[in-house]
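Have a look at the structure below before the remarks.
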C-alpha cells in the first residue's frame, strides 16, 4: 500500500472513536510550542477514552475522579491490567501539564513528555483497536510541527482572538514559572570561583523571566472580559505582581468572579484563601470547605488535598484520609507524602509501613522535596543499596539542595562524598556543600556541622601528608581553602 493512501494518525484515532480525535489533534499540535497545553489535552483525551470504554461495556461511573473511574473499570474486569497501566500513565502525564513548575520540569523535558504521551496514545489505541473493531487499519504518523505558536500569536495580535490570547498567555506563564524556579535554585555544582559568572547568567535570565511574566499578564488582561479562564489568570497575575507590584486584594476579587463563573482552578484557590485568609478575604472554614468541595468534585488535586487538610485539622482523620488518598492517586506529590505520613501514623487507616514507604517513593519520584530527602537518606543508610539506588539517592539529595536549600541534605551529601559512599571521593564538593550547609543551618544543624567540619579538615590534611599527585594536591588545597 502506498504511503499517501494510508490513514494519518489523526484519522486513525478518529476511526477508533470520533469524539477522541479532536483532543488528540489538539494535543499533538501543541507539543512543540505549548507542551503544558498538550498535556492538558492528553488528560481530556484519557477522560473521554475511559468514558468510551465504559459505555461500550454498559458501565456507569460512580465518581468524577479519573483515577476512580479507571479503577472501577479494572474492578469490573472491563479492562485488563496492561490497559489499566496505560490509562494511569496517560493520567499521570496529563497531571504534569497543569503545574509543571511543581515537578521541577524544564520546557525541553515537558516537550519530551508530551511527545512520548502522543506516541503512547497511538500504541495504546493500536492495541485496543481489534477488541472494539473488526480490523486495525494501517496508518502513517505525521511528524510534530511548531506552527501552532505562530498561528496563535497572529490570532492573538491581529484578530483579537480571546482564546488565542489566553493560550499565548499560558505559554508565556509556563515558561516564566519554569525559568523562575531554575533561577531561584541553588547551583550546588558551582564552585566558589564560578559563583560570580553564575550570578551574571542568572541576572540575564531573570530579565527574560520578568518579560515573560509581563507579556503573560498583558494577554490575560486582554482576554479577561471575554474568556473565563483568562479572567482567572488575570487575577493570579495581579495577585503575584506579574507586571510589577502585587495587587493582592484586586486579584482575589477577580479570582472570586472567575470562581462564580465556574472556573475550577479559581474555586480551588478561593477555597484556599478562605482556609488561610487573604488580603481581602477573611478565614471562613465553612466557605473554604464549600469551594474546595466544588473544585475537588471537578477533580482539582490541590482542592482534594486542602479539603483533606481541613478534615485533618478537625481531627476527622477518616475523611481526611479519603480526600488525601484521592489527591495522591491523581499524582499530586504533596498529597502523596501526606498520605505516607497518615499510613505511618495510622491516622484514618491502619498503620501500614509498606504503604507508607510506597507513597514516600511515589512522592519522591514526582519531585516532592521532603520525600526526596527521606528516600535519599534511607538509601545512604542502607548498607545493601545497589549502585542504581545510590545514583537515585545522589540525584534526590542534589535536587533537595538545589530547590529546597535544605541544610540536612547538604550535610548528608557532603558526608557521602567525603566517605566514598557514592562510589567516589570528592572532597572539594564535600567541602563546598558543608560550607553551604553552614549558611542555611539553624542552631541544631550548626551543632551537627561542627564535628563534620573538623573531621573533613583532618581528612584533607591526612591525605595531603601522603604525598598525593599534583592534580590531587590541587583539589585538596582547594577544599582546604573552602573550609578556611
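Numbering (this note's numbering), first residue to last: -14 to 469.
Virtual Cβ for every residue (Gly too), placed ideally from N, Cα, C.
Look at the alpha carbon of residue i and the alpha carbon of residue j, and state the distance between them as a whole number of angstroms.
i           : j           : result
residue 141 : residue 149 : 5 Å
residue 60  : residue 133 : 41 Å
residue 205 : residue 311 : 31 Å
residue 372 : residue -4  : 46 Å
residue 202 : residue 90  : 22 Å
residue -2  : residue 298 : 47 Å
residue 401 : residue 238 : 50 Å
residue 326 : residue 292 : 17 Å
residue 302 : residue 1   : 44 Å
residue 388 : residue 233 : 26 Å
residue 403 : residue 168 : 28 Å
residue 471 : residue 66  : Beyond the ends of the chain as shown, which are -14 and 469, falls residue 471; an answer cannot be given.
residue 307 : residue 122 : 44 Å
residue 273 : residue 283 : 15 Å
residue 119 : residue 318 : 41 Å
residue 151 : residue 194 : 18 Å
residue 231 : residue 145 : 26 Å
residue 176 : residue 421 : Confidence at residue 176 is low in this model, with a pLDDT of 41, below 50, so the placement of that residue should be treated as unreliable; the coordinate-derived value is given next. Distance between the alpha carbons of residue 176 and residue 421 is about 11 Å.
residue 295 : residue 114 : 45 Å
residue 411 : residue 468 : 14 Å
residue 368 : residue 428 : 30 Å
residue 288 : residue 313 : 12 Å
residue 185 : residue 165 : For residue 185, the predicted model reports a pLDDT of 43, less than 50, meaning its position is unreliable and no value from the coordinates is stated.
residue 245 : residue 278 : 14 Å
residue 221 : residue 64  : 41 Å
residue 335 : residue 323 : 15 Å
residue 24  : residue 9   : 10 Å
residue 431 : residue 207 : 51 Å
residue 328 : residue 305 : 12 Å
residue 126 : residue 111 : 13 Å
residue 265 : residue 105 : 46 Å
Can you tell me which of the three DSSP states residue i falls into?
i           : result
residue 227 : coil
residue 90  : coil
residue 124 : strand
residue -7  : strand
residue 62  : coil
residue 28  : helix
residue 130 : coil
residue 390 : coil
residue 17  : coil
residue 264 : coil
residue 221 : helix
residue 209 : coil
residue 469 : coil
residue 415 : helix
residue 450 : coil
residue 69  : helix
residue 165 : helix
residue 335 : coil
residue 305 : helix
residue 185 : With a pLDDT of only 43 at residue 185, under 50, the local geometry of the prediction cannot be trusted, and no value is derived from it.
residue 407 : coil
residue 115 : helix
residue 246 : coil
residue 80  : helix
residue 199 : helix
residue 293 : helix
residue 317 : coil
Out of the options, state which residue places its alpha-carbon closest to the alpha-carbon of residue i.
i           : options            : result
residue 249 : 213, 146, 332      : 213
residue 218 : 273, 415, 326, 159 : 159
residue 157 : 197, 146, 124, 119 : 197
residue 470 : 417, 30, 255, 380  : With the chain represented from -14 up to 469, any question about residue 470 goes unanswered, as that position is not in the structure.
residue 257 : 349, 454, 286      : 286
residue 58  : 75, 154, 40        : 40
residue 225 : 429, 12, 210, 199  : 199
residue 107 : 391, 316, 445, -6  : -6
residue 252 : 265, 438, 267, 275 : 275
residue 6   : -9, 25, 16, 33     : 33
residue 333 : 408, 300, 353      : 300
residue 379 : 398, 269, 270, 31  : 398
residue 92  : 15, 405, 244, 304  : 15
residue 50  : 340, 316, 112      : 316
residue 75  : 44, 94, 109        : 109
residue 35  : 4, 13, 10, 331     : 4
residue 128 : 13, 265, 270       : 13
Spell out whether any CB of chain B is found under 9 Å from the CB atom of residue i.
i           : result
residue 461 : No chain B is present in this structure, which holds just one protein chain.
Is there at least one non-hydrogen atom of the ligand MG closer than 8 Å to the beta-carbon of residue i?
i           : result
residue 401 : Among the ligands in the structure shown, none appear at all, so the ligand MG cannot be discussed.
TODO: Could you say if the stretch 98 to 117 and the stretch 14 to 30 meet the contact criterion of at least three C-beta pairs nearer than 8 Å?
DONE: Segments in contact, yes.
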